[in-house]
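Below is one structure, written out as structure tokens; the observations come after it.
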Amino acid sequence: MLRKTRSEETESNMPEQENATKTMSEQKQFIQKPPDQRWDKLLNLLIGALSLIVVALVISLIIRLNSTPVDPNIKQEAVESTQENNGQKTDETAQVKSTVIRVEVLNGTSVPRLASKASDFLRARGFDVVQAGNAQHSNFKKSVVQDRLGNIQNAIQVANALGISESGVIQQKNPQLYVEVTVIIGSDYKSLKFMSGN
98 MLRKTRSEET ESNMPEQENA TKTMSEQKQF IQKPPDQRWD KLLNLLIGAL SLIVVALVIS
158 LIIRLNSTPV DPNIKQEAVE STQENNGQKT DETAQVKSTV IRVEVLNGTS VPRLASKASD
218 FLRARGFDVV QAGNAQHSNF KKSVVQDRLG NIQNAIQVAN ALGISESGVI QQKNPQLYVE
278 VTVIIGSDYK SLKFMSGN
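Put into structure tokens, the structure is as follows:
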């Protein structure tokens with residue numbers, strides 16, 4: 098029996114070692130490396146920040162939709178009242194917080210775009226015109242301002258802004274409407290302030 102020399106032994110063992118090395122490297126390819134935890138934390142932080150931004154935007158949208166727009170040109174008005182108190186006059190100045198009056202403007206004539214012109218005029222003066230359109234019929238002789246919620250002062254304010262006399266202000270409550278005041282432009286529209294630009 099011939100003894101194998103060392104070089105022959107190593108040569109005969111080489112294929113086995115190569116096979117073992119190959120299978121080890123093949124196995125390493127299939128073993129997944131654990132994910133880098135730094136990137137996971139960073140991604141989680143980014144997702145959390147984006148979620149907070151989305152929530153803030155949704156809340157902001159809801160608040161904006163539910164709030165009434167306020168014109169920055171509207172200032173608080175001072176109301177002076179004089180009272181008689183034991184023969185002495187005292188002037189009290191009370192600050193009245195101005196609220197935006199929601200208005201509906203309807204064209205009660207056959208002349209086109211009157212409601213639109215009146216709406217632009219009122220918006221420029223701080224009123225919230227929520228609707229402009231045509232009245233049920235187009236033969237209104239006089240312009241009228243209707244109080245819809247029982248606060249006649251709102252209707253008088255709108256009438257004064259348009260140049261409609263207080264005799265044209267009527268109370269016709271309709272709390273189902275989303276407005277405080279309804280304006281119906283009549284055939285006397287040429288005498289109103291929005292036509293003269295005052």
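Take 98 as the starting number for the sequence shown in the working numbering and just add one per residue.
All residues carry an ideal CB built from backbone N, CA and C; glycine is no exception.
Residue from the options whose Cα sits closest to the Cα of residue i
i	options	result
Asn-248	Gly-230, Asp-285, Arg-199 and Gly-223	Arg-199
Lys-238	Trp-136, Asp-285 and Leu-143	Asp-285
Val-208	Val-266, Arg-161 and Gly-230	Gly-230
Gln-250	Thr-196, Val-155, Tyr-275 and Asn-236	Thr-196
Met-292	Phe-218, Leu-147 and Gly-205	Phe-218
Asp-225	Gln-243, Glu-277, Glu-263 and Gly-205	Glu-277
His-234	Gly-205, Ala-153 and Ile-253	Gly-205
Val-242	Lys-214, Gln-269, Ala-153 and Ser-213	Gln-269
Gly-296	Ser-240, Pro-272 and Asn-271	This structure leaves residue 296 out entirely; the chain is present only between 98 and 295.
Asn-271	Leu-147, Glu-201, Val-155 and Gln-134	Glu-201
8 angstroms contact criterion, which residue i and residue j should meet: CB distance rounded
i	j	result
Ile-267	Leu-211	Actually they are not in contact, since the Cβ atoms of Ile-267 and Leu-211 sit about 20 angstroms apart, beyond 8 angstroms.
Val-255	Val-280	6 angstroms
Gly-260	Ser-288	7 angstroms
Arg-245	Leu-274	5 angstroms
Ala-258	Arg-222	5 angstroms
Beta-bridge partners of residue i, as assigned by DSSP
i	result
Val-242	Val-266 and Val-280
Ala-229	Val-202
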